[in-house]
Structure formats: C-alpha cells, structure tokens
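S.K.: Counted from 1, the sequence shown has number 158 at position 159 by numbering that gives the first Met the number 0; the numbering is strictly sequential.
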Amino acid sequence: MERMRPRRTVIATVALASVIGGAGTAAAGTAQPDPAAVSAVTTEDDCPEVVVLTARGSEENDIYPPSPSNGYSNGYEGETLHRFLDYTTQVHPGLFDDNVARVLAVDASKYPARFPVGEAGEDIDPLTLVTGVGQFGDSMVRGLPGGIDTVEEYEDSTGCKPDYVSLAYSQGVAVLGPVQHQLAEQGRLRGAVYMGNPFHRTPDLLTAGQSYPVHSYCVTDDFVCDFGPRSVYLALTDEEDAGAHADYFSAASEDPDAATAGDRRPADALANLLA
C-alpha cells in the first residue's frame, strides 16, 4: 500500500485544524463494498457482545481480508489500524475468538478518507491543492454522518444491538465524533482508543462533556498530535513518509518484542474495553 507522504499529510492537518476550530462553536483499493459483507459475518443468532467501530486515516484505502488478526473486519480499517489490530491480537491472543467481539470499519462509500495533494518532492500547484482540499472536505462531510449510517445499517441487517468501542487514527478520529455521541447517549459506548489524534490536546471538543474512557496515544514528534516546529520540520524533511505520524506499530506488528511501552498501552486499553 502507498502510505501518506509528508506534504500531503501536513496540509491535511492544516485543513483538519480548521474543522476542529469550527467544532468548538458548532452544535486498500477503492472498490465499493459488498452490501452483504457485514451481514455475512454476523447474523441475528450470532451477535457479538461488542463491536469495534473503526475509522482510518487519510489515503489509507487498501482493503484487507477478514481474519482473526483484524477481528474479522470488513476490510476498511486502513494500514495503521490494521497494524495495531495485528499487534494487539499477538499480545492478546484470542481477543476476537468465540464471537465475543468483532471489528466494523466505516467503509469507502460512507467515508472516502481522501486528501490527495501530491507526493514527496513534488511542487504542489494551486489547482492540485484546491482539488485536494475539496476532496478532504467532501470526505469529512460524508464521513461525519457515515459512522452513524454504518452502525444503523449493521444493526438493521443483523438484528444485533451490541456495545461499541471506537478505534480511530488521524482524520478518522473526527469522523467518529457524531456516532460516539449518539452511542454514549444510549449507554452503549464502552470507550475509545485513538492514535495520531488531532484532538489529543483538546479532548473536550470530541467528547462534548460526555464521560467514557478514552485512551489517546500520541508518539513524540507526531506533528498531528504533538504539533510544533520540530515535529512539522521532521515530517516535511522525511523523504520516505510523514515522520512519526506514519510509523505507529510498524515495528510492533512485525515483532511484538520490538514494541515500546507506549505501543503496549493502547493494546491493553482495547483488550480491557472488550473484556
């Protein structure tokens, strides 16, 4: 999968910052999903106790096959959360056994996760920038109600009414805001696990005063959640990717022994929320 590049990601964050500012005052490939995909995994007679509702980061549009390592997801969890789930199921084996929990990602039809504004080393012309910002805006406009639509369609197609845990990365954290509010009001949101979270320093903008467990994982020098001159500089000068923001669980998913204490904490947090 092609991963996010520095300029693309930095500009995406500037755009997302404007969305966050407004929130304070406002009340895999790109194939389309099979409408039967979710109901094929879960039926009314075989409902999970809890569903992990996920939203991926910008341009993470590869689709993954369902397996125990990704909670039998519909495939739209994105590269970063796929790595996280793979690592988590290695350190918490059996996490998705016996149909106690399943992963459900907001798919591309409801949340495109777009922000294509060029690759590393490219000069970004005004038309490319405007087009990219427009696609990012469309992604957010569709994604904000997309989480609610995903839950409603899942429950209508299966007859299941499980509890939920939110799991999101980067742009996806904002996408899950409305559905989290709705589920919390219903008493069905167990908590949330975020990484590369643009709301890391302003959590009340996302939770809107509601009380539920939130674990927000931010690595040092991730310019999205640890914003500052140093982190932005490192992202812009990283010719391979977007600096620390793009590296969550890269080593840990390959070798759990290479995980940091910071990597382990969100994995444990998810396991505890599913217990």
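In this text, a Cβ means the ideal position worked out from N, Cα and C, and glycines have one as well.
Source: prediction; values computed, not measured.
May I ask which residues mark the beginning and end of the alpha helix (DSSP H) holding A53?
M.R.: For the record, residue 53 in the displayed sequence is Thr; it is not Ala. That residue, T53, is in no alpha helix (DSSP H); its beta strand (DSSP E) goes V49 to A54.
S.K.: Between the beta-carbon of P197 and the beta-carbon of V172, is there less than 8 Å?
M.R.: Result yes, Cβ atoms of P197 and V172 sit closer than 8 Å.
S.K.: Taking C-alpha atoms, which residue in S68, V90 and H91 lies nearest to L80?
M.R.: Selected option, being the one with the closest Cα: S68.
S.K.: Comparing C-alpha positions only, which one of G190, Y232 and A207 sits nearest to L269?
M.R.: Minimum Cα distance to L269 is reached at G190.
S.K.: For a quick check, are the C-beta atoms of V218 and A243 less than 8 Å apart?
M.R.: Cβ atoms of V218 and A243: closer than 8 Å.
S.K.: With 16 other CB atoms within 10 Å as the buried threshold, where does R200 fall?
M.R.: Exposed, because fewer than 16 other Cβ atoms sit within 10 Å of the Cβ of R200.
S.K.: Jot down the residue ranges of each uninterrupted beta strand (DSSP E) in the segment 66-118, minimum 3 residues, whole runs only, in chain order.
M.R.: The qualifying runs are 100-104.
S.K.: Compare the C-alpha of S108 against each of P92, N73 and D155 and name the closest.
M.R.: S108 has its Cα closest to that of N73, out of P92, N73 and D155.
S.K.: Can you tell me whether E184 is buried or exposed, with buried defined as 16 or more other CB within 10 angstroms of its CB?
M.R.: So E184 ends up on the exposed side.
S.K.: Where does L166 sit, in a helix, a strand or coil, going by DSSP?
M.R.: Note: L166 maps to strand in three-state DSSP.
S.K.: Which residues share a DSSP beta bridge with G190?
M.R.: Partner(s): V164.
S.K.: I need the DSSP call for V223, collapsed to helix, strand or coil.
M.R.: Three-state result, V223: coil.
S.K.: Starting from S252 and walking both ways along the alpha helix (DSSP H), at which residues does that stretch end?
M.R.: S249 to E253 is the extent of the alpha helix (DSSP H) around S252.
S.K.: Could you tell me which residues DSSP pairs with H214 in its beta bridges?
M.R.: Answer is V192, bridged to H214.
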